[in-house]
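Trainee: One structure coming up, written as structure tokens, with questions to follow.
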Amino acid sequence: MTITEQPTPDRPVDRLLSGAAERPGLARIAVPALAVLGALVIGGVLMGIEGVAPLSAYGEVVRGVFGRTRGLIDTAIIATPLVLIGLGITIAYRARVFTIGAEGQYIAGALAGTALATAGPLAGLPGPVLLIAGLVVAVLAGSGLAGLTAWLQSRFGASVVITSLLLNYVAAAALAWAVRVGIRDPGSFTPQSRDVGAAALPGTPLHLGFLVALVAVPVVAIVLRRTRFGLRVDVLGANPEVLAVTEVRPAITRMIVLLVAGGFAGLAGFVEVAGVTGRMTPAFATGYGFTAIIVALLGGLRPLGVLIAALVLAGITVGFDEAERAFVIPSATVGVIQALIVVFFVAGDALSRRER
Amino acid sequence: MDTLFTLATLAAAIRLAIPVAMAALGEVLTERSGVLNLGLEGTMLFGALAGYLGTVATGTPWLGLGSGLAAGAACGLVLALFMVVVRADQIVTGLAFTLFAVSATTYLFELNYTIGEPPPRIPSLDMIELVVIVLVALGAVWFLLARTSVGLVLSAAGDAPGAVDAMGYRVARVRSAATVAGCALGGLAGAMLVCGPLGLFVQNVTAGRGWVALALVVFARWRPGYAVAGALLFGLCDAAQLRLQGTATAIPYEIFLALPYLVTLVALMVRARRTGTPAALAVPFVRGRS
Amino acid sequence: MTEAAVLTGIRRRFGAGHPALDGVDLELATGEVHALLGENGAGKTTLMRILAGLDRPDDGEVVVAGEPVTAFTPRAQRARGVAMVQQHFTLVPTLTAGENLALAGPRGRLRPGARQLQRRVDELAGRFGLPVRADAPVAELSVGEQQRLEILRALDADARLLILDEPTAVLVDDEAQALLDVCRELAADGRAVVIITHRLGEVFAGCDRVTVLRRGAVVCAGEPVADHDRASLAALMVGTTNGAGAPARRTQPDGPVRLRVTGAALRRLQPLDLEVGAGEVLGVAGVDGNGQAELEALLAGSAAPERGTVTVDGAPLPVGRPRERIARRIAYVPSDRYRHALARPLSLADNLELGRGATWRPGKARREQAAAPALDAWDVRATGPGTPAAALSGGNAQKLVLARELAGNPLLVVAAQPTRGLDPEAARIITRRILDAAAAGAAVVWFGAELDELFAIADRLVVLAGGRATEPFTPPYDRHAVGIAMAGGHDS
């Protein structure tokens, strides 16, 4: 018998939760919102235990973000790489290609762009040219690394999760070498690259990269919703065999999806250098690649959701930074709240999907 | 070059290898049953914190190790609940757990100790005692997998859960048990890091060793003996790059940073089936849909 | 001879439509090899799964070795000595034969060493005459060996009632005969052996009594094989009268040859020649596992022939390039609709678009609007074009697939079991639409299981058996002859 029958619910919990599964739109908004709310509540409790009045503290957090221009700017700055990387991850995860190599691709892109702009034969070209060229090379570098993952999967059957994880370490090692030797600024005592100088993104402190991220959101949304490629991404995620019979070989779509995800991460890397740090240092990699995965998931794997989630997470970070000046809040609190958002989201999402 | 391969380097290699080896042993158990536990790093962190607090509370590092083991098992229960029972996506759950652990352990640690006042150093165990523990664990894991019926069921659950289910075993139970056991060892690994030569706990003390252990399991082709040997190799690379950092040579020490992972990647360039990847790794088992 | 098992009044129904089992009685005795005969969908496997504890009956009673069965689980039934070797093996491919035995029947906490395992396998193999290599991983064993291992596993657990589901389907002639001999010996040893089959040759070569099922009912209850001949059993399997209520016969088509298969072979399918003209409906009959899946894959362009060619209007059928296939107006209705035709989480409108949209898609609202007329015309009942395909019932899902595939006047329609699992109403609509497509000039290849249906719609009929196709039958169809051809298996 080759008819595939749908599994029937076998426990009361399943029947209860199938209601949630039947309202995916509601769940998609409710689950992240409740996760954030729940985490903030627990955070408030934790602060209360420490002797800090939670409402005043949260008031300070909000003021820190919205009450001063610098707060909004900083939020946008932090959100930029999260949005860019998150968009790439959104595309990949919708196709159920679970790459965790964004961190490495981010580094690779940043390195490639910085190398082009500060070292090597082309470094003398005018700033804007270098900027554009750097962005292009960054995208290529990120894609290249992701493409390696894709190749290993299609040729050798190696797991995307594992190979992308391993490549993160390779990229980190490359970063360590590059700032110490490869593209090192000869005039500095500590290992770091030269400053990109004229190849920086215009705008201080809020740089053009934020605009790029904002523009990317509707672009990705259109691609996913209005192009054949977007349909193929969804079909790949739903059922690769159907894709194979009706549209195209799944390996092709998988490769494209990984290249795109890598490209976005690489782009984010050089945008961060050209817009924020100005140069590469050993501490360049701050985990945006992993946080962006969380952002993509919280955003329900939709571009607008990614933007909102990135802004919320960035806002919480910035707001708490400010609030910690006014109140004695353990610096780990913001981390705990963000982590709780993640945990509650994963739990809520898994439970609401129980039936699918 | 001869500054590189001295006994001191070897000793450093062993010291660096110990927690990674232990964590990898645990992960071997978990992955052989079909569960990919990306929460290993987080489990190690909780184990490290528990080890530290346990030693401070009781005064002996051995009880600290015990606390680490218990904390790891508790993490395993939570992870098993999500990954096996609820059948949430294993990758997402594991990542979320690790991210949570980094913040949570820092927070819990700072609850107990105020900044400015240094947290007490704890009495620590000798390296040789830790090595013995690792070897005992190696023996136990190897014996379980290679020589017991339970181990047979466990491996089969990772390769062909449908067949195991058809033979009347409960795949969910097997996988949950493997996850708890693997995380217990992971917690122990974290405790060993803290209660060993390091002797204290700091924020994010494991510094990615859990991720290294995950890579190590792949490198070791899911075999416990190779995992420990591989840990030593990884440790040697680690010690070598530390060594090289201190000396002035033309060899970029970063090669040793990347080497273990490059080698693992190359090792994966064999048809996945021959590398021993559990066929059903990271695929939740649903009866009727194989 | 005592009673090994008695089943009384077994009823089982899956969803709407014809029940799989409609009040079946069966009596199995020890010391005999019992054949359970019938076409696709007759209910043989369902009945035996119930006996083996893999399924439970909606109604009826099962008694094994004198004790009524209350718990229908594989474990419970295995404890009673009932074991079933199914068509899809449940062995662990990475373990050796010995390890698989140890897994199924662990003796103690410790795993026996390789040598001990080898001894266990060899001992069993020798005792029952079922040779299996003990040291190689199961993945490296031949299909015959794997099957023997499955049987050994059952016997190791001291099965007294052994059920084999289409065991010779995967074996070559010699192996098949050897297997039947082993079954005889097992029976002589005091066990009861049941062989589910559709091959008359086996029944006569190796069985003592035979029960024939047709459409969920018993048409021949445990009669001695010696009382029958091929003709009478074939007649019982497929029935003697042609069913009523099928769509009316159409006029003879006389279009040019559109589909030409020349010497095409793939896996189990032996080199095959076929020609189907425009406007013609070619029926392909036969029990599953005789090459249908391969032929389906060849005609759909999912696999390339290992030998020979498949051409449509002179040009080769595109392989692995679905968009090209669709551009050439070749429609494909897969036999497994949820696996190959529909993406469950996607909406109805999206599913209609698969393979057919342009690079730029209109907005969601417009897409759903555009989809509505097609859904209406095909009477696909759902809350709206935006509902996920998973919410559709079987009949509506199939209508959706056809709505997609038959749009745009196809030149060739490959329909694999298009009415399987559908209620009569939906089946009638689907049949009508496919015939309409033929009337509009399409060449249609229809893989079917129900002879009544095939007789009603096919202009010509070939039967696949043992990987080979018979010469095409033409109407008026001789049910008798077709039945014998279907039950031919691998003997002449």
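Residue numbers (numbering that gives the first Met the number 0), protein chains in the order written: chain A, 0 to 355; chain B, 0 to 289; chain C, 0 to 491.
All residues carry an ideal CB built from backbone N, CA and C; glycine is no exception.
Taking the alpha carbon of residue 39 of chain A as the point to measure from, which residue in A:342, A:352, A:346 and A:336 has its own alpha carbon closest?
Mentor: Here residue 39 of chain A corresponds to residue number 40 of the first sequence, with the count starting at 1. With respect to the C-alpha of residue 39 of chain A, the residue from A:342, A:352, A:346 and A:336 having the closest C-alpha is A:336.
Trainee: Would you call the CB atoms of residue 223 of chain B and residue 91 of chain B closer than 9 Å?
Mentor: The residue you call residue 223 of chain B lines up with position 224 of the second sequence. The residue you call residue 91 of chain B lines up with position 92 of the second sequence. No; because the gap between Cβ atoms is not below 9 Å, this pair is not in contact.
Trainee: Can you tell me which of the three DSSP states residue 432 of chain A falls into?
Mentor: Given a span of 0 to 355 for chain A in the structure shown, any question on residue 432 of chain A remains unanswerable.
Trainee: Under 9 Å, Cβ to Cβ, is there at least one residue of chain B near residue 91 of chain C?
Mentor: By 1-based counting over the third sequence, the position of residue 91 of chain C is 92. For residue 91 of chain C, the answer is yes, since a Cβ of chain B falls inside 9 Å of its Cβ.
Trainee: Can you tell which of C:21, C:2 and C:1 has its C-alpha closest to the C-alpha of residue 8 of chain C?
Mentor: Walking along the third sequence from the start, residue 8 of chain C turns up at place 9. Selected option, being the one with the closest Cα: C:21.
Trainee: Could you confirm whether any beta carbon from chain A is found closer than 9 Å to the beta carbon of residue 126 of chain B?
Mentor: Numbered from 1 along the second sequence, position 127 holds the residue referred to as residue 126 of chain B. No, residue 126 of chain B lies away from the interface with chain A (no Cβ there is under 9 Å from its Cβ).
Trainee: Taking its Cβ as the centre, do 16 or more other Cβ atoms sit within 10 Å of residue 476 of chain C, making it buried, or is it exposed?
Mentor: Counting from 1 along the third sequence, the entry for residue 476 of chain C is found at position 477. Under a 10 Å Cβ-count criterion, residue 476 of chain C is classified as buried, with 16 or more other Cβ atoms of the shown protein chains found around its own Cβ.
Trainee: State the start and end residues of the unbroken alpha helix (DSSP H) segment that holds residue 111 of chain A.
Mentor: As a first step, residue 111 of chain A is located in the first sequence; it is residue number 112 there, counting from the start. Where residue 111 of chain A is concerned, the enclosing alpha helix (DSSP H) stretches over 101 to 117.
Trainee: Give me the residue from A:314, A:160, A:50 and A:272 with the minimum Cα distance to residue 210 of chain B.
Mentor: Along the second sequence, read from residue 1 onward, the residue named residue 210 of chain B stands at position 211. That would be A:160, whose Cα lies nearest to the Cα of residue 210 of chain B.
Trainee: Using the beta-carbon count (16 or more within 10 Å), is residue 284 of chain B buried or exposed?
Mentor: Position 285 of the second sequence, counted from the first residue, corresponds to residue 284 of chain B. Residue 284 of chain B comes out buried.
Trainee: Comparing C-alpha positions only, which one of C:399, C:326, C:283 and C:422 sits nearest to residue 460 of chain C?
Mentor: Here residue 460 of chain C corresponds to residue number 461 of the third sequence, with the count starting at 1. Comparing Cα positions, the closest option is C:283.
Trainee: Just the chain A side, please: which residues come within less than 9 Å of residue 301 of chain C by C-beta, in chain order?
Mentor: Counted from its first residue, the third sequence places residue 301 of chain C at position 302. Using a Cβ-Cβ cut-off of 9 Å, residue 301 of chain C is close to 243 and 244 of chain A, given in chain order.
Trainee: Quick one: is residue 302 of chain B near chain A, going by C-beta distance under 9 Å?
Mentor: In the structure as shown, chain B begins at 0 and stops at 289. Residue 302 of chain B is therefore absent and cannot be evaluated.
Trainee: Going along chain B in order, which residues have a C-beta closer than 7 Å to the C-beta of residue 105 of chain C?
Mentor: As a first step, residue 105 of chain C must be located in the third sequence, where it is residue number 106. By Cβ distance, chain B contributes 148.
Trainee: Which residue marks the beginning of the alpha helix (DSSP H) containing residue 250 of chain B, and which one marks its end?
Mentor: Your numbering for residue 250 of chain B matches position 251 in the second sequence. Neither: residue 250 of chain B is in no alpha helix (DSSP H) and is coded neither H nor E.
Trainee: Can you name the residues that DSSP bridges to residue 293 of chain A?
Mentor: Mapped onto the first sequence, residue 293 of chain A falls at position 294. None; residue 293 of chain A has no bridge partner.
Trainee: Can you find a heavy atom of the ligand SAH that lies under 8 Å from the Cβ of residue 123 of chain A?
Mentor: Among the ligands in the structure shown, none appear at all, so the ligand SAH cannot be discussed.
Trainee: Whose C-alpha, out of B:118, B:104, B:70 and B:255, is nearest the C-alpha of residue 203 of chain B?
Mentor: Position 204 of the second sequence, counting from 1, holds the residue named residue 203 of chain B. Measuring from the Cα of residue 203 of chain B, the nearest candidate turns out to be B:104.
Trainee: Per DSSP, what kind of secondary structure is residue 380 of chain C in: helix, strand or coil?
Mentor: Start at 1 with the first residue of the third sequence, and residue 380 of chain C comes out as number 381. Residue 380 of chain C: coil per DSSP, three-state reduction.
Trainee: In whole angstroms, give me the CA-to-CA distance for residue 430 of chain C and residue 392 of chain C.
Mentor: On the third sequence, residue 430 of chain C is found 431 positions in, with the first residue counted as 1. On the third sequence, residue 392 of chain C is found 393 positions in, with the first residue counted as 1. Approximately 18 Å between the Cα atoms of the pair.
Trainee: With distance defined between alpha-carbon atoms, name the residue in A:124, A:25, A:166 and A:75 nearest to residue 150 of chain A.
Mentor: Counted from its first residue, the first sequence places residue 150 of chain A at position 151. Of the candidates A:124, A:25, A:166 and A:75, the one whose C-alpha sits nearest the C-alpha of residue 150 of chain A is A:166.
Trainee: Give me the Cα-Cα distance between residue 449 of chain C and residue 412 of chain C, rounded to the nearest whole angstrom.
Mentor: As a first step, residue 449 of chain C must be located in the third sequence, where it is residue number 450. As a first step, residue 412 of chain C must be located in the third sequence, where it is residue number 413. Answer to the nearest angstrom: the Cα atoms are 19 Å apart.
Trainee: Can the beta-carbon of residue 10 of chain B be found less than 9 Å from the beta-carbon of residue 89 of chain C?
Mentor: As a first step, residue 10 of chain B must be located in the second sequence, where it is residue number 11. As a first step, residue 89 of chain C must be located in the third sequence, where it is residue number 90. Not in contact: residue 10 of chain B and residue 89 of chain C (Cβ atoms no closer than 9 Å).
Trainee: Starting from the beta carbon of residue 339 of chain C, find every residue of chain A whose beta carbon is closer than 7 Å, and list them in chain order.
Mentor: Stepping through the third sequence from its first residue, residue 339 of chain C is reached at position 340. Annotation: Cβ neighbours of residue 339 of chain C in chain A (cutoff 7 Å, chain order): 240, 241 and 244.
Trainee: When DSSP builds the beta bridges, which residues end up paired with residue 277 of chain B?
Mentor: For this step, residue 277 of chain B is matched to residue 278 along the second sequence. Answer by DSSP bridge pairing: none, since residue 277 of chain B is not bridged.
Trainee: Using the Cα positions of residue 97 of chain C and residue 135 of chain C, report the straight-line distance between them to the nearest angstrom.
Mentor: For the purposes of this step, residue 97 of chain C is taken as the residue at position 98 of the third sequence. For the purposes of this step, residue 135 of chain C is taken as the residue at position 136 of the third sequence. Cα-Cα distance, rounded: 9 Å.
Trainee: Please confirm whether residue 359 of chain C has its beta-carbon closer than 9 Å to some beta-carbon of chain A.
Mentor: Here residue 359 of chain C refers to the residue found at position 360 of the third sequence. Yes, residue 359 of chain C lies at the interface with chain A (some Cβ there is under 9 Å from its Cβ).
Trainee: Could you compute how far the alpha carbon of residue 55 of chain C sits from the alpha carbon of residue 34 of chain C?
Mentor: Reading the third sequence from its first residue, position 56 is the one you call residue 55 of chain C. Reading the third sequence from its first residue, position 35 is the one you call residue 34 of chain C. A direct Cα-Cα distance of roughly 22 Å separates residue 55 of chain C from residue 34 of chain C.
Trainee: Which residues in the same chain have their Cβ closer than 6 Å to the Cβ of residue 340 of chain A, if we skip the five residues on either side of it in sequence?
Mentor: Taking the first sequence and counting its residues from 1, the one referred to as residue 340 of chain A is at position 341. Only 34, 35 and 38 meet the Cβ criterion.
Trainee: Indicate the three-state DSSP secondary structure (helix, strand or coil) for residue 306 of chain C in the structure shown.
Mentor: As a working note, residue 306 of chain C is residue 307 in the third sequence. Residue 306 of chain C falls in the strand class under three-state DSSP.
Trainee: From the DSSP output, in three-state form, read off residue 164 of chain C for me.
Mentor: Here residue 164 of chain C refers to the residue found at position 165 when the third sequence is read from its first residue. Residue 164 of chain C falls in the strand class under three-state DSSP.
Trainee: Would you kindly work out how many angstroms separate the C-alpha atoms of residue 10 of chain C and residue 99 of chain C, rounded to a whole number?
Mentor: In the third sequence, counting from the first residue as 1, residue 10 of chain C sits at position 11. In the third sequence, counting from the first residue as 1, residue 99 of chain C sits at position 100. Taking the straight line from one Cα to the other gives about 35 Å.
Trainee: Below 8 Å, can you find three or more Cβ-Cβ pairs linking the segment 369 to 385 of chain C to the segment 234 to 252 of chain A?
Mentor: no
Trainee: Quick one: give me the first and last residue of the beta strand (DSSP E) that residue 258 of chain C is part of.
Mentor: Counting from 1 along the third sequence, the entry for residue 258 of chain C is found at position 259. Note, residue 258 of chain C: beta strand (DSSP E), 256 to 265.
Trainee: Mind checking who residue 459 of chain C pairs with in its DSSP beta bridge?
Mentor: The residue given as residue 459 of chain C occupies position 460 in the third sequence. Paired residues: C:281.
Trainee: Taking a cut of 8 Å between CB atoms, which residues from the segment 134 to 162 of chain B lie near chain C?
Mentor: 145, 146, 147, 148, 149, 150, 151, 152, 154, 155, 158, 159, 161 and 162
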